[in-house]
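Residue numbers (this note's numbering): 11 to 325.
Below is one structure; the comments refer to it alone.
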């Protein structure tokens with residue numbers, strides 16, 4: 011498909027509680043990995059634009075950070091980025107973890123699921139206040155019988171915040187094609203915003219840092235808090251076609267550094283290997299990845315830490 015084949019193009023923001031499945035849905039619609047996906051909440055820290063094509067329509071998907079009760083500066087910056095992405099979009103999809111609502115109705119919700127529902131209600135109130143109507147997408151419907159979600163649809167529809175409802179599974183693709191059609195129908199007439207073969211507008215240095223951060227979170231599980239950051243310090247193109255990438259992992263405490271390194275440096279070697287393999291596959295060439303760990307107890311209070319992530323510091 012060429013740019014001249016595109017007759018409609020616009021932006022769609024995917025908003026919702028942390029861990030609702032926004033990054034998984036974005037990656038599925040785009041058909042390529044543009045956002046990191048882990049089992050952790052609050053993985054996405056800044057809006058990531060993925061570019062999807064359907065027929066003659068181009069959809070620029072803004073995968074926003076999770077919307078939650080923000081207390082720390084980093085949290086406030088993430089939530090501000092999420093709503094900024096929604097304000098500027100031609101369509102909004104509110105992705106809801108339906109499994110949390112089902113568990114709540116059965117009195118079996120976990121603490122995390124309870125927080126998820128509270129975050130969803132916060133999104134509803136914000137949507138009503140803004141006067142914008144969203145597409146409601148109830149995710150994870152593969153985890154329970156569909157009749158269990160009908161009372162939830164009724165309850166959320168009564169809020170008046172939605173113009174359309176879809177039941178989907180971002181994990182296996184159920185219902186996603188219909189959702190994509192609904193998003194495409196809301197894109198305004200106009201030329202392509204990006205070349206049709208481009209899947210994201212995220213700078214490669216930043217995407218490379220996100221890949222490494224994903225591997226850190228997957229490898230360390232509950233051992234390490236979210237207060238870590240990965241920066242790509244250098245990106246050197248080599249004559250043989252390969253690339254040399256140097257990254258620094260910034261942690262808030264000295265004991266976090268030892269967790270990242272692991273006994274005899276095993277953990278950081280494993281993380282480096284996994285990140286290098288994925289980056290090599292993404293780039294289609296050899297990647298030489300070098301990781302270092304630095305302790306900075308106040309990195310979350312430094313303005314420059316936010317600039318590279320595209321987040322506002324003064325929130």
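Glycine included, every Cβ here is placed at the ideal spot set by N, Cα and C.
Residues of its chain near residue i, where Cβ-Cβ distance is below 6 Å and the 5 sequence neighbours each way are ignored
{"i": "residue 260", "result": "239, 304, 306, 309"}
{"i": "residue 331", "result": "The first residue shown for the chain is 11 and the last is 325, placing residue 331 beyond what the model contains."}
{"i": "residue 101", "result": "22, 193, 196"}
{"i": "residue 123", "result": "110, 113"}
{"i": "residue 251", "result": "295"}
{"i": "residue 130", "result": "27, 106"}
{"i": "residue 177", "result": "148, 151, 185"}
{"i": "residue 302", "result": "258"}
Local conformation of residue i per DSSP, three classes
{"i": "residue 178", "result": "coil"}
{"i": "residue 203", "result": "coil"}
{"i": "residue 304", "result": "strand"}
{"i": "residue 29", "result": "coil"}
{"i": "residue 214", "result": "helix"}
{"i": "residue 15", "result": "helix"}
{"i": "residue 143", "result": "coil"}
{"i": "residue 157", "result": "helix"}
{"i": "residue 108", "result": "helix"}
{"i": "residue 101", "result": "strand"}
{"i": "residue 10", "result": "With the chain represented from 11 up to 325, any question about residue 10 goes unanswered, as that position is not in the structure."}
{"i": "residue 227", "result": "helix"}
{"i": "residue 195", "result": "coil"}
{"i": "residue 55", "result": "Only weak support exists for where residue 55 lies, its pLDDT of 44 falling under 50; the value from the coordinates is given anyway. Coil at residue 55, not helix or strand."}
Residue i versus the options, residue with shortest Cα-Cα distance
{"i": "residue 220", "options": "21, 33, 22", "result": "33"}
{"i": "residue 39", "options": "205, 256, 300, 22", "result": "22"}
{"i": "residue 205", "options": "37, 108, 24, 63", "result": "63"}
{"i": "residue 109", "options": "60, 102, 145, 159", "result": "159"}
{"i": "residue 16", "options": "26, 250, 199", "result": "199"}
{"i": "residue 3", "options": "203, 106, 226, 222", "result": "Nothing can be reported for residue 3: it is not among the residues displayed for the chain, which extend from 11 to 325."}
{"i": "residue 24", "options": "190, 272, 283", "result": "190"}
{"i": "residue 300", "options": "283, 31, 35, 60", "result": "283"}
{"i": "residue 286", "options": "275, 178, 256, 265", "result": "256"}
{"i": "residue 215", "options": "264, 153, 293, 265", "result": "293"}
{"i": "residue 183", "options": "201, 161, 150", "result": "150"}
{"i": "residue 153", "options": "104, 222, 179", "result": "179"}
{"i": "residue 116", "options": "104, 246, 161, 132", "result": "161"}
{"i": "residue 188", "options": "103, 275, 29", "result": "103"}
Cβ-based neighbour list, residue i, same chain, cut-off 8 Å, excluding 5 preceding and 5 following
{"i": "residue 290", "result": "296, 297"}
{"i": "residue 194", "result": "18, 64, 65, 67, 69"}
{"i": "residue 226", "result": "234, 238, 240, 259, 270, 281"}
{"i": "residue 264", "result": "305"}
{"i": "residue 230", "result": "269, 270, 277"}
{"i": "residue 242", "result": "215, 216, 218, 219, 255, 256, 257"}
Residue i - partner residues in DSSP beta bridges
{"i": "residue 245", "result": "255"}
{"i": "residue 20", "result": "69"}
{"i": "residue 171", "result": "The partner list for residue 171 (beta bridge, DSSP) is empty, contrary to what the question assumes."}
{"i": "residue 148", "result": "106, 177"}
Close beta carbons around residue i, own chain, < 7 Å, minus the five adjacent residues each side
{"i": "residue 171", "result": "134, 137, 138, 143, 144"}
{"i": "residue 127", "result": "110, 111, 114"}
{"i": "residue 268", "result": "none"}
{"i": "residue 272", "result": "278"}
{"i": "residue 99", "result": "21, 22, 23, 72"}
{"i": "residue 245", "result": "215, 253, 255"}
Where are the alpha helix (DSSP H) runs, 4 residues long or more, that stay fully inside the stretch 113–140, in chain order?
Listed in chain order, the complete alpha helix (DSSP H) runs (minimum 4 residues) inside the stretch 113–140 are 121–140.
Give, in chain order, every unbroken run of the beta strand (DSSP E) that is at least 3 residues long and sits entirely within the stretch 253–299.
For the stretch 253–299, whole beta strand (DSSP E) runs of length 3 or above, ordered along the chain, are 253–261.
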